[in-house]
Amino acid sequence: MIVESDELYIFTKSGNEVLTISREKPCMKAPCWLVERTQGKSAGKRMIVLERALKTREVFEAD
Numbered sequence: 051m052i053v054e055s056d057e058l059y060i061f062t063k064s065g066n067e068v069l070t071i072s073r074e075k076p077c078m079k080a081p082c083w084l085v086e087r088t089q090g091k092s093a094g095k096r097m098i099v100l101e102r103a104l105k106t107r108e109v110f111e112a113d
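For the sequence shown, this note's numbering assigns the number 51 to the initial residue and increments by one for each residue that follows.
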């Protein structure tokens with residue numbers, strides 16, 4: 051799956067919906083993204099996550 055900036059994804063470790071902001075430098079050779087939570091009490095919180103932990107809502111709900 052190709053992750054793009056300014057798109058909504060589900061962060062699979064928490065199930066939170068996040069907006070991708072920008073690609074970050076790799077962590078242990080794995081691609082990473084700066085994302086921002088979009089819902090709940092922690093909406094607006096930014097964090098760096100591994101690209102493999104991001105899925106589209108359709109893929110996340112199908113799993």
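We put the beta carbon where it would ideally sit given N, CA and C, even for glycine.
8 Å Cβ shell around residue i - same chain, five flanking residues per side excluded
i     : result
ILE98 : GLU74, CYS77, CYS82, TRP83, LEU84, VAL85
Collapsed DSSP secondary structure at residue i in the structure displayed
i      : result
VAL99  : strand
GLU54  : coil
ALA112 : helix
Residue of the options minimising C-alpha distance to residue i
i      : options               : result
ASP113 : MET51, THR62, LEU58   : THR62
LYS91  : ASN66, ARG107, PHE110 : ASN66
THR70  : GLU101, GLU57, THR106 : GLU57
ALA93  : SER55, VAL68, ILE52   : VAL68
Cβ shell of residue i (< 6 Å), same chain only, five flanking positions each side left out
i     : result
LYS95 : ARG87
SER64 : none
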